[in-house]
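Below is one structure, written out as structure tokens; the observations come after it.
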Amino acid sequence: MKRYIITFCLIFFLNACASKANTQYYYLPNSNFIPPLKINNVIEITVQVADHLSSPSIVIGDKRFHSIHFTTNHLWAENLAKSIQNNISNKLNQLGKNNDNAFSIYSDTNSLEKLEIIIEKFQGNLDGTAEVVGYANLLDNQHNIKKSLAFKETALQSFDGYQGMLEALDNALSKVANKIYIFFEGVS
């Protein structure tokens, strides 16, 4: 009888250790596009992400070893490029609410200019920072680059965990949007 109890306990504990963790899905803050109220000079925004960011895994960087890790149980709930596109469009429209330019995610607009944003790094780091690296090109209607800007923005997490990392990524995107807005202001 004692052997059966030990065997049962051993099987129970091994199963508990082998149980799969629940997958959690996360939304990037401010990722629901809010169309601009005005339709004067509409600038279409597109966002492309580096290949390693196109999976649903959240990327965590380890600067000590110059490495990145892809999460398996913590995933993006939506396409990351689309979420970043919506987030930055909302931020640019908020910054330019008293300006003639409006930013849209829709490609059917008759925009004379296009803002192309390429994200090369979008990650939380083990040191408690979030990092957004890439560049933005302002294109004319012939797809010629009028102006280009590289950016590298970081933000500190205000609390631990994935929610803290998402807030820090949103803050880093606010810095990116502000830098883009100031740099491209008056280019039209």
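Using the working numbering, the letters of the sequence shown correspond one by one to residues 397 to 584.
Beta carbons are placed, not taken as given, at the ideal position from N, Cα and C, and that holds for glycine.
This one's a predicted model, so the numbers in the text were calculated from it and none came from an experiment.
- For K543, DSSP records a beta bridge to L534.
- Between Q553 and A564, the C-beta spacing is below 8 angstroms.
- Restricted to the region 424–501, the alpha helix (DSSP H) segments that are unbroken, complete and at least 4 residues in length are 476–491, listed in chain order.
- In the three-state reduction of the DSSP assignment, E581 falls in the coil class, being assigned neither a helical nor a strand state.
- For G560, the three-state secondary structure derived from DSSP is helix.
- Closest in C-alpha terms to K434, from the list N482, H462 and Q490, comes Q490.
- Spanning the alpha carbons of D496 and Q519 requires a straight line of approximately 33 angstroms.
- In this model, I484 and E440 are separated by some 12 angstroms (Cα to Cα).
- Between Y531 and A473, the gap from beta carbon to beta carbon reaches 8 angstroms or more.
- Taking the Cα positions, N475 is about 24 angstroms away from L535.
- In the structure shown, L522 falls within a coil segment according to DSSP collapsed to helix, strand and coil.
- In this structure, the beta-carbon distance from L424 to L562 falls below 8 angstroms.
- Where Q553 is concerned, there is no enclosing beta strand (DSSP E), because DSSP gives it neither an H nor an E.
- A417 places its beta carbon 8 angstroms or farther from that of N482.
- Residue V572 holds the alpha-carbon nearest to the alpha-carbon of V529 among V572, R460 and F580.
- Shown here for N436: same chain residues with a beta carbon closer than 7 angstroms to its own, the five before and five after excluded, namely D496 and A498 in chain order.
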